[in-house]
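K.L.:
In terms of this note's numbering, the sequence shown opens at residue 813 and continues consecutively.
Each residue gets a CB set at the ideal place from its N, CA and C atoms; glycine is no exception.
To start, I am sharing the structure in question, which I have written as structure tokens.
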Amino acid sequence: MKTIVIILLIAISVLACGCTSTAPATVAPVTTATVSDTGTPDLVGLWTGTTTGHINAKGFRDAGSPEFNITEQKGIAFTGYKEYPDMDGKMYYEEFSGVINKRGEIFIAEKEYGVIIGDLIGPDTLELSYVEDGDDAKAFIILLNRQKI
């Protein structure tokens with residue numbers, strides 16, 4: 813009887829550990845269709861679109877049409893500038909530096925203020941999130957499409 817109980821406990825332990833199940837299939841990492849494992853997408857060009865969000869001192873807003881001009885790229889790193897209209901009607905200009913990883917995630921640091929994090933969601937489409945802290949805190953979603961020349 814003791815032998816049967818020991819065998820039964822061993823069998824239950826093996827089943828509980830999952831030792832009888834098949835090994836899980838390996839899952840490839842999620843990637844954006846436009847980013848291959850062998851190369852980095854070319855981001856150089858003029859990107860235009862829309863901006864929607866909130867500014868602490870000014871409230872909710874649908875901003876005008878921002879323009880991101882990526883002027884140079886070497887491998888995963890790129891640089892350029894953005895132009896955008898403010899609520900005062902003036903156009904503003906800011907330089908930036910950025911990188912893109914193999915998953916199509918984009919990280920941009922602006923020269924003066926703010927951080928932009930986003931994704932390349934198509935060969936000519938970017939979805940970016942802009943945040944800036946401080947008394948005049950800001951948060952925006954920026955949707956951009958590359959302009960064909």
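(1) Going by DSSP, what residue range makes up the beta strand (DSSP E) through P897?
(2) Excluding the 5 residues flanking I954 on each side, which residues of the same chain have their C-beta closer than 7 Å to its C-beta?
(3) For the beta strand (DSSP E) containing G871, list its first residue and its last residue.
(4) Does DSSP put R958 in a helix, a strand or coil?
(5) State the Cα-Cα distance for the pair G865 and Q885, rounded to the nearest angstrom.
(6) Would you kindly work out how many angstroms separate the C-alpha atoms of Y905 and E924, rounded to a whole number?
(7) Check this for me: beta carbons of T994 and G910, under 9 Å apart or not?
(8) Figure out for me which residue from K902, G871, G851 and L855 has the closest Cα to the Cα of A951.
(9) Quick one: residues in its chain with C-beta nearer than 8 Å to the C-beta of Q959, no 5 flanking neighbours on either side, listed in chain order?
(10) Kindly indicate which three-state DSSP category V856 falls into: helix, strand or coil?
(11) Which same chain residues, not among the five before or five after D945, have their C-beta less than 7 Å away from its C-beta?
(12) Where DSSP assigns a beta bridge to R931, which residues make up the other side?
P.N.:
In short, the structure shows the following:
(1) Against the sequence shown, residue 897 aligns to sequence position 85. That run of the beta strand (DSSP E) goes A889 to P897.
(2) Translated into the one-based positions of the sequence shown, residue 954 becomes position 142. So the qualifying residues of the chain are G861, T863, P878, L940 and Y942.
(3) Position 59 of the sequence shown holds residue 871. Run containing G871: G871 to A875, per the beta strand (DSSP E) assignment.
(4) Position 146 of the sequence shown, counted from the first residue, corresponds to residue 958. Strand, per DSSP.
(5) Stepping through the sequence shown from its first residue, residue 865 is reached at position 53. Stepping through the sequence shown from its first residue, residue 885 is reached at position 73. Using only the alpha carbons, I get a separation of about 29 Å.
(6) Taking the first residue of the sequence shown as position 1, residue 905 is located at position 93. Taking the first residue of the sequence shown as position 1, residue 924 is located at position 112. Approximately 11 Å between the Cα atoms of the pair.
(7) Beyond the ends of the chain as shown, which are 813 and 961, falls residue 994; an answer cannot be given.
(8) By one-based count along the sequence shown, residue 951 stands at place 139. For A951, the nearest C-alpha among the options comes from G871.
(9) Residue 959 sits at position 147 when you count from the first residue of the sequence shown. Around Q959: G857, L858, W859 and T860.
(10) Taking the sequence shown and counting its residues from 1, the one referred to as residue 856 is at position 44. If DSSP states are grouped into helix, strand and coil, V856 belongs with coil.
(11) For the purposes of this step, residue 945 is identified with residue 133 of the sequence shown, where counting begins at 1. Here the set comprises nothing.
(12) To locate residue 931, count along the sequence shown from 1; it is residue 119. Residue identity differs from the one stated: residue 931 is Asp in this sequence, not Arg. The partner list for D931 (beta bridge, DSSP) reads E917 and E939.
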